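Notes for the one structure printed next.
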Amino acid sequence: MPATRVHSLSRTDAEPTGAPGDTRYFHTDLVIPFLYDLPADGESVRRLKAIEGELVLRTDLPARAAYWILRQLGVSAAVTLEPHSASPESPEHQERQEHPMSSVPDTVSPVFVKEPVRHRWYPVVDQDACTGCLECVNFCMFGVYVIDRRDKPLVEQPDACRDGCPACSRVCPGGAIMFPLYDDPVISGRQRRGIDKNVLSPRATKSSPPSVETAPSEHLLDALLDEVDGMEL
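Residue numbering for the sequence shown follows my numbering, starting at 178 and increasing by one per position.
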C-alpha cells in the first residue's frame, strides 16, 4: 500500500489555493491546517485516523512533538516525519529544481482540508519517555491531566492549559512533556533531556541566583509556583 503524504501548514501560511505552480504541495495527498491547532473532532483528524499504511507528514514542528501529537489525537498509522524544506540531496528537491513550475501531477490532486482552527497551547506527552511519576498530574493546577488505566498521565483537557505556561514540562524528570511552540529546545521537543531526578541544569553556578531552569531541587517548586503566579490567568 503506498504511503499517504500529508502536508501540515504552518501558522503563518496563507490558506492554500491549489493553484498550478505551487510546489509546496509537490507529491502531496492531503493538506491540513497547522497540526498543533487541529481540533480532535475535526475533519483533518478524522482523515488522519482513516489513513492505512504509512503516513508521511511534512511539518515545521519538532519531529518528536509532531509524532506524539498524532498519537495523542488517536492516529495509529505508521508515521514518517519530514521538514517543510526538503534537503538539497533529496529526490523531491532535485525534481523541483528540474521542473520548477510543476506541482502535484495531474493524476494526483491533493485534498485541501479547510476547517476553522484557533491558536492552541497544550502539553504533548512522549509516552515512551514518561516514567509514570505523575509529577505533572500533581503539579498542574488547571485540571489538564488525568491518570489513565496504565497509571500514566493523559491530557484530557488540553485547552484548560494556560497560554505560555510550560511548568509541568520543567518538573518532568524524564523530559517527556513537550510544548512544541516554546523557545527552549528541550521543552519544545527539538532536543532530548535525559532522566534527571532533581531536574537540575548544568548552567547553575554559585554566583547566579536560582531561576526556574537552574534552581536546586528543594527550590524548584517554589520557583515554578512563582512563575505561574506571575502569569495572567
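Idealized CB from N, CA, C, for every residue including glycine. Since the model is a prediction, treat every value here as computed from it, not as a measurement.
Which of helix, strand or coil DSSP assigns to residue i
| i | result |
| --- | --- |
| S253 | coil |
| I364 | helix |
| E229 | coil |
| S185 | strand |
| L212 | helix |
| F316 | helix |
| L471 | The displayed coordinates of the chain run from 178 to 410. Any statement about residue 471 would go beyond what the structure contains. |
| V290 | coil |
| K383 | No answer about K383 holds up, because its pLDDT of 33 lies below 50 and its placement is not dependable. |
Residue i - partner residues in DSSP beta bridges
| i | result |
| --- | --- |
| Y322 | V332 |
| M423 | Residue coverage of the chain in this structure runs from 178 to 410, which leaves residue 423 outside it and unanswerable. |
| V301 | M355 |
| R235 | H184, E259 |
| L247 | The partner list for L247 (beta bridge, DSSP) is empty, contrary to what the question assumes. |
Which listed residue (the options) has its alpha carbon closest to that of residue i
| i | options | result |
| --- | --- | --- |
| T181 | W298, K329, T257 | T257 |
| K291 | L212, K226, F203, P330 | L212 |
| I228 | R241, C349, L247 | L247 |
| R188 | L207, L215, Y202 | L215 |
| Q249 | G351, P350, V332, S346 | V332 |
| V294 | G366, P210, D237 | P210 |
| G341 | D190, R327, P287, H296 | H296 |
| P260 | A242, A254, D237 | D237 |
| R367 | A254, R241, C310, V288 | R241 |
| E192 | A254, P239, G230, F289 | F289 |
| C345 | D328, R327, C310, R326 | C310 |
Own chain, CB closer than 6 Å to residue i, minus 5 neighbours either side, in chain order
| i | result |
| --- | --- |
| P179 | none |
| P335 | Y299 |
| Y244 | V256 |
| H184 | Y202, T205, V208, R235 |
| V348 | E312, F316 |
| L186 | P210, F211 |
| S384 | In this prediction, S384 has a pLDDT of 35, which is less than 50 and means its spatial position is unreliable; nothing more can be read from the coordinates. |
Residues near residue i by beta carbon distance below 7 Å, same chain, minus five either side
| i | result |
| --- | --- |
| P343 | F356, Y359, I364 |
| G351 | A306, C307, T308, I372 |
| V314 | Y322, I324, P330 |
| R369 | G352 |
| C338 | W298, Y299, P300, F319, V321 |
| D328 | G309 |
| I354 | P300, V302, C313, C345, S346 |
Own chain residues within Cβ distance below 8 Å of residue i, not counting five before or after
| i | result |
| --- | --- |
| V252 | V222, L225, K226, I228, L232 |
| G230 | M178, P179, A180, T181, A254, A255 |
| R326 | none |
| P287 | H184, G195, Y202, T205, D206, L207, V208, V281 |
Contact between the segment 302-309 and the segment 207-224: three or more CB pairs below 8 Å? Judged by Cβ distances under 8 Å, the segment 302-309 makes no contact with the segment 207-224, as fewer than three pairs qualify.
Are three or more beta carbon pairs between the segment 314-321 and the segment 351-361 nearer than 8 Å? Because the criterion of three Cβ pairs below 8 Å is not met, the segment 314-321 and the segment 351-361 do not touch.
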